[in-house]
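Per the working numbering, residue 30 is the first one in the sequence shown, and the count goes up by one each step. Taking it in order: structure first as structure tokens, then the write-up.
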Amino acid sequence: MTKVLTAAEMRAIDALTIAAGLPDLVLMENATHRVVEVLERHFAPLQQQRIVIFAGKGNNGGDGLAIARLLFSRFAPRALDVVLAAEPHPQINLLRVDALLGTGLTGPAREPYATLIGEINSGFPLAQVVAVDLPSGMNADTGLAAGAVVRADFSVTFTAPKRAHLLGHGLGHVTVAPIGTPPSLMDEITLCQNEPIAWRHLLAPRPAEGHKGTFGHVLTIGGAAGKTGAIGMTGLAALRMGAGLVTVATSGATLPTPELMTVPLDAAWPVAGKHSVALGPGLGLDPRVPEFVRNCPLPMVVDADGLNSLASAMPAAFAGPRVFTPHPGEMARLLGRPVADRIADAQSLASATGAIVVLKGHRTIIASPDGRTAINPTGSPAMATAGSGDILTGLLAALLATAPPWESTLAAVYLHGLAGELAAAELTERCVIATDLLRFLPEAIRRCA
């Protein structure tokens, strides 16, 4: 999977590249050519363009000056101006290249950069903006801005994406361009982008001799009085993801999906003959949860009220693999404080508990106790609807019944988000409900298999 870097990691890798014999001027020249290739691909013929390049004082500004030189020598655009950090510029250009600040900013953009950022943005929506490495004003590690920030239509970064390229807004279409850095220099980086290459083998065609027992029996536990819909959606999602059998421990004697078997919620939760467990949707606070989570030998997804029941009684160890899937509120209860840094907090909880942690939200974070961490690139605001998390829990439980926990978690989160994107594209972001995700799951699987 694609490695994702902090600004400090990128600086260290650049230094190692230069020490290995690739001069910094060669790196800059390679970066210059990659940016011009993007400009040519999207804005040809460049000879007819009116282009202004906003160049700062550091390496990013040096890239900007080199881009201007290459554009002039190869294309002789209709107009080509370079604006240095302290210069005003008339608002006549329709293609603007942001080479002001790059990835080194840690606080708000100061003057004169804040004014120039405003000037770059003033052309919206007529002017097109291409950011070199990162939109000026954005923190490379968080994707946030403490002050003025460029709104880009395209961003061209080098070697590997920075965290902001996945976490931030206003980057437009992101291109990651190689400039000669040896990939081996990133071998020790543990943060990646979640990509199907890591888990598409889980979606291979089924064996012809397979039967329902081959594909796992999932036990889902939840659905206290008035909340049976939550666990019903979890069970349905597990079936749709391919589980051979699903039993639901719930307060409802029947569920609207006839393929689901039921057992009473207030009886002992029957793990014999099962292959994975989904615990929590619609459960309510239940004193049995901490002991069950500690002692059950099966792979288990713990969500919703399952997590809330653990907040004050987290077991020190587990008898089987565990995946926690908190939203930010549940995460805060598990941590005992508000979420501050989503990546660091997910890694911390995974390390402390021994569970894989799925911190849901825009760009869901997936953290393993062994340090591996992934940022998920799929998803849509359409998924901010009741039951969306219950669907994810079911998808994940189905995969856990037959596959390793890390790959199962990556696959479930990615497919869940992609199904949400597909649903939003057809139904609009406003009109999607949770069970619509299952309607679009088959196409999401086809695109990834």
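We put the CB at the ideal spot given by N, CA and C, even for glycine.
About 7 angstroms separates the Cβ atoms of Thr279 and Gly251, confirming a contact at the 8 angstroms cut-off. By the neighbour-count definition (other C-beta atoms within 10 Å, threshold 16), His240 is an exposed residue.
If the five residues before and after Gly349 are omitted, its C-beta is found closer than 7 angstroms to the C-beta atoms of Cys325, Pro326, Leu327, Pro328, Met329, all from its own chain and listed in chain order. Taking a C-beta distance under 8 angstroms as the contact criterion, Gly311 and Ile372 do not qualify as a contact pair. In the displayed model, Gln157 falls within a strand according to three-state DSSP. For Ser437, the three-state secondary structure derived from DSSP is helix. For Cys221, the enclosing beta strand (DSSP E) begins and ends at 220-222. Secondary structure at Ile250: strand, using DSSP grouped into helix, strand and coil. Here the alpha carbon of Ser341 sits roughly 37 angstroms from the alpha carbon of Gly242. Assigned with DSSP and collapsed to three states, Phe469 falls in helix. When C-alpha distances from Val331 are compared across Leu421, Phe244, Pro344, Thr354, the shortest belongs to Thr354. In the structure shown, Ala333 falls within a coil segment according to DSSP collapsed to helix, strand and coil. Our two residues, Ser184 and Lys86, have alpha carbons roughly 19 angstroms apart in a direct line.
The three-state reading of DSSP puts Asp127 in strand, counting E and B together. Taking C-beta atoms as the reference points, Thr210 and Leu163 fail to come closer than 8 angstroms.
The three-state secondary structure of Met360, taken from DSSP, is helix.
For Leu34, DSSP records a beta bridge to Lys191.
When DSSP states are grouped into helix, strand and coil, Asp110 belongs to the strand group. Where Phe353 is concerned, there is no enclosing alpha helix (DSSP H), although the beta strand (DSSP E) around it starts and stops at 351-353.
With contacts defined as CB atoms closer than 8 angstroms, Ala396 and Thr402 qualify as a contacting pair.
Closest in alpha carbon position to Ala454, among Ala473, Leu68, Asp315, Ala441, is Ala473. Judged by DSSP secondary structure, Thr276 falls within the beta strand (DSSP E) whose first and last residues are 274-279.
Nearest C-alpha to Ile80 among Leu123, Thr457, Gly309: Leu123. Between Ala254 and the set Pro293, Glu224, Glu217, Pro433, the nearest pair of CA atoms involves Pro293. When the Cα atoms are used, Gly273 and His246 turn out to be separated by approximately 6 angstroms. No Cβ-Cβ contact shorter than 8 angstroms links Leu466 with Ile404.
Cα atoms of Leu388 and Ile394: separation of roughly 5 angstroms, rounded to the nearest angstrom. With distances taken between CA atoms, Val442 lies nearest to Trp228 out of Trp228, Gly147, Gly335, Thr457.
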